[in-house]
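The structure appears right after this line, and notes come after that.
Residue numbers (the numbering used here), protein chains in the order written: chain A, 1 to 351; chain B, 352 to 510.
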């Protein structure tokens with residue numbers, strides 16, 4: 001059973017051929033990072049135009065690398081939600097056209113659920129129940145899963161996503177974009193305990209996250225307490241005036257605090273729920289410090305730690321194809337009325 | 352124009368609710384202020400007060416546009432213009448539709464990035480600044496009557 005997966009929810013145009021739900025035959029990702037660097041973020045109109053240019057060559061490349069042709073495909077899976085609507089539409093339209101012309105089943109896959117399946121790619125099946133941490137530029141979500149197709153949301157960010165906090169910290173410290181790798185590089189030379197930054201405390205036993213306060217605390221630590229009032233208010237210093245050591249200390253302290261904010265809630269979730277595995281997916285899971293802390297946590301709770309390989313942490317189509325295969329095998333499929341949706345609750349439906 | 356000092360985050364939230372009390376469908380709310388000045392906190396309180404589902408409300412920095420349904424009628428379009436390069440960038444996001452349907456309240460963070468707006472002036476402009484111990488804010492309503500009718504935030508202090 002070969003499934004072609006298509007992913008275009010944000011700034012990566014991706015296609016992959018997967019045999020069954022885990023055996024990746026090809027996974028091609030055309031990234032647009034460089035196009036968006038001047039804006040320190042993804043610009044939707046630029047992104048969707050670029051998807052349109054890339055989608056056909058990327059699909060061709062996925063087939064060629066896998067050594068198959070269109071006629072060998074048994075199903076088409078596409079990430080249809082959530083994401084930037086103009087970007088999603090390109091992938092969804094391509095998937096529909098292919099499914100219709102090849103007369104094979106079409107499956108719309110929830111992008112976040114696919115990230116939680118990513119650790120199984122090129123690897124052993126995930127043992128359920130599992131606690132999942134999904135951390136990226138647009139999402140910070142804690143889940144409980146009893147099977148790959150359904151997830152219950154235990155907590156999510158009430159303001160900024162953790163990846164967004166890294167991006168904003170990167171901009172604030174003049175470290176560059178994307179902020180995740182930039183902050184991690186800068187942090188290597190810094191001391192994690194140099195500056196005390198706040199870990200958000202959410203009321204009650206909530207498993208939600210908050211990163212807005214951390215971002216503001218970093219701003220004040222970097223630029224000092226503002227002077228003056230109203231329109232005339234100014235920060236006493238610019239980031240440019242900080243020494244390299246100071247910037248490295250700020251980056252290391254920020255990274256430590258962001259990681260601890262995640263770990264604290266994952267730990268609480270594992271206290272509250274029985275699980276055999278701890279799953280990690282999304283771009284922020286590329287962060288080495290976070291991976292180290294998750295390893296310790298998993299050991300302490302004696303669960304199987306399953307973090308996606310870095311190439312499957314970031315947006316890719318292999319995770320879409322793999323989960324799409326599971327959905328099809330369970331008898332689900334979408335029809336040609338499948339819609340791209342900018343937002344779709346993880347709880348609302350399986351795929 | 353009115354100015355306040357907001358000594359803590361609850362005062363920012365109060366201001367959000369005070370502004371919400373004067374808004375009606377078709378309005379545009381333009382907000383400016385640096386990173387961490389409290390723009391998203393203000394919008395969250397405003398949107399919750401008008402009936403948006405708190406679980407739906409979040410920072411639109413990544414997705415650029417969020418949309419919150421308001422009870423039976425109307426919706427809030429919550430936009431982050433930080434990465435837009437001018438007013439023309441609003442058009443592909445759905446600007447004309449929001450303006451034509453008249454059931455939306457469009458709230459724009461980093462509004463100066465898209466100034467002047469393509470077709471309509473904001474009903475209210477809000478500017479926020481980091482100051483020692485809190486934030487300073489200016490609120491300027493296009494319509495004086497609405498400005499006069501807006502209750503002051505309870506913990507807001509004279510600047």
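Note that CB positions come from ideal geometry on N, CA and C, so glycine has one too.
All of these numbers come straight from a predicted model, not from anything done at the bench.
*Would a check of beta-carbon distances place residue 480 of chain B closer than 8 Å to chain A?*
With 8 Å as the cut-off, residue 480 of chain B counts as an interface residue toward chain A.
*At what residues does the alpha helix (DSSP H) containing residue 320 of chain A begin and finish?*
That run of the alpha helix (DSSP H) goes 318 to 329.
*Checking contacts by CB at 8 Å: is residue 240 of chain A closer than that to chain B?*
Under the Cβ criterion of 8 Å, residue 240 of chain A is not counted among the residues facing chain B.
_Test item: CB-CB of residue 253 of chain A and residue 194 of chain A under 8 Å_ = Cβ distance < 8 Å, so residue 253 of chain A and residue 194 of chain A count as in contact.
*Taking the alpha carbon of residue 154 of chain A as the point to measure from, which residue in A:161, A:133, A:170, A:168 has its own alpha carbon closest?*
Comparing Cα positions, the closest option is A:133.
*To the nearest angstrom, report how far apart residue 347 of chain A and residue 229 of chain A are at their CA atoms.*
When rounded, the distance between both Cα atoms is 46 Å.
*Residues bridged to residue 491 of chain B (per DSSP)*: Bridge partners of residue 491 of chain B: B:476.
*Look up residue 101 of chain A in the DSSP assignment and say whether it is helix, strand or coil.*
Of the three classes helix, strand and coil, the one that applies to residue 101 of chain A here is helix, per DSSP.
*Under 8 Å, do residue 139 of chain A and residue 323 of chain A count as touching if we go by C-beta distance?*
Using a Cβ distance threshold of 8 Å, residue 139 of chain A and residue 323 of chain A do not count as a contacting pair.
*asked:* Please state the DSSP three-state secondary structure of residue 432 of chain B.
replied: In this structure, residue 432 of chain B counts as coil in the three-state DSSP scheme.
*Chain-ordered neighbours of residue 172 of chain A on chain B, where CB pairs are closer than 8 Å*: What residue 172 of chain A touches in chain B: 386.
_Tell me the DSSP secondary structure of residue 172 of chain A in three-state form._
Looking at residue 172 of chain A - three-state DSSP - the assignment turns out to be helix.
*Which full runs of the beta strand (DSSP E) of 3+ residues lie inside the region 366 to 448 of chain B, going along the chain?*
Taking only runs of at least 3 residues, the beta strand (DSSP E) segments lying wholly in the region 366 to 448 of chain B are 379 to 384, 416 to 420, 426 to 431.
*For residue 365 of chain B, count neighbouring C-beta atoms within 10 Å of its own C-beta (all shown protein chains included) and say buried if the count is 16 or more, exposed if not.*
Label assigned to residue 365 of chain B: buried.
*Note the first and the last residue of the continuous alpha helix (DSSP H) segment covering residue 261 of chain A.*
Following the DSSP letters along the chain, one finds residue 261 of chain A inside the alpha helix (DSSP H) bounded by residues 244 to 272.
*Start and end of the alpha helix (DSSP H) containing residue 192 of chain A?*
First-last for residue 192 of chain A: undefined, no H or E at that position.
_Against chain A, which members of the region 385 to 406 of chain B pass a CB distance test of less than 9 Å?_
Contact residues of the region 385 to 406 of chain B toward chain A are 385, 386, 387, 388, 389, 391, 392, 395, 405, 406 (C-beta to C-beta distance below 9 Å).
_Suppose contacts are defined by Cβ-Cβ distances below 8 Å. Is residue 61 of chain A in contact with residue 28 of chain A by that definition?_
For residue 61 of chain A and residue 28 of chain A, yes; Cβs fall inside 8 Å.
_Does the CB of residue 281 of chain A have a neighbour CB from chain B at under 8 Å?_
Chain B contact via Cβ: absent.
*Could you confirm whether any beta carbon from chain B is found closer than 8 Å to the beta carbon of residue 196 of chain A?*
Judged by the 8 Å Cβ criterion, residue 196 of chain A is not in contact with chain B.
_Run through chain B and tell me which residues come within less than 8 Å of residue 311 of chain A, C-beta to C-beta._
Neighbours of residue 311 of chain A across chain B, judged by C-beta separation under 8 Å, do not exist; the nearest C-beta is about 22 Å away.
*Could you name the residues of the same chain whose beta carbon sits closer than 7 Å to that of residue 265 of chain A, not counting the 5 residues immediately before and after it, in chain order?*
Hits under 7 Å: 142, 155, 207, 209.
*Does the count of Cβ pairs from the region 104 to 121 of chain A and the region 325 to 337 of chain A closer than 8 Å reach three?*
Yes, the region 104 to 121 of chain A is in contact with the region 325 to 337 of chain A.
*Can you name the residues of chain B whose CB is closer than 8 Å to the CB of residue 164 of chain A?*
In chain order: 410, 412, 413.
*Proximity test, Cβ basis, 8 Å: residue 341 of chain A and chain B*: Closer than 8 Å: no.
_Only counting the same chain, and skipping five residues up and downstream in sequence, which positions put a Cβ closer than 7 Å to that of residue 137 of chain A?_
Correct list, in chain order: 161, 163, 164, 167, 283.
*For residue 209 of chain A, which beta-bridge partners are listed by DSSP?*
DSSP lists A:157 as partners of residue 209 of chain A.
*residue 509 of chain B, buried or exposed, once every other Cβ within 10 Å from all chains shown has been counted against 16*: Under this definition residue 509 of chain B is an exposed residue.
*So residue 180 of chain A is in the alpha helix (DSSP H); what residue range does that whole segment cover?*
Its alpha helix (DSSP H) spans residues 179 to 187.
*Counted within 10 angstroms of its Cβ, other Cβ atoms place residue 2 of chain A as buried (16 or more) or exposed*: Here residue 2 of chain A is buried. Its C-beta has 16 or more other C-beta atoms within 10 Å.
*Would you list the one or two residues that DSSP bridges to residue 286 of chain A?*
Beta bridge pairing from DSSP links residue 286 of chain A with no other residue.
_Within 10 Å of its beta-carbon, does residue 482 of chain B have 16 or more other beta-carbons around it, so buried, or fewer, so exposed?_
Buried, by the Cβ-count rule.
_Judging by CA-CA distance, which residue of A:97, A:303, A:63, A:144 is the nearest neighbour of residue 318 of chain A?_
Answer by Cα proximity: A:63.
*Using CA coordinates, which residue listed in A:236, A:5, A:278 is at the minimum distance from residue 56 of chain A?*
Of A:236, A:5, A:278, the residue nearest in Cα terms is A:5.
*Near residue 391 of chain B, which residues of its chain fall below 6 Å by C-beta distance, leaving aside the five closest residues on each side in sequence?*
Scanning its chain for C-beta atoms nearer than 6 Å, with the 5 sequence neighbours on each side dropped, one finds around residue 391 of chain B the residues 410, in chain order.
_Tell me which residues share the same chain as residue 381 of chain B and place their Cβ nearer than 6 Å to its Cβ, disregarding the 5 neighbours each side in the sequence._
Result list for residue 381 of chain B: 459, 462, 473, 476, in chain order.
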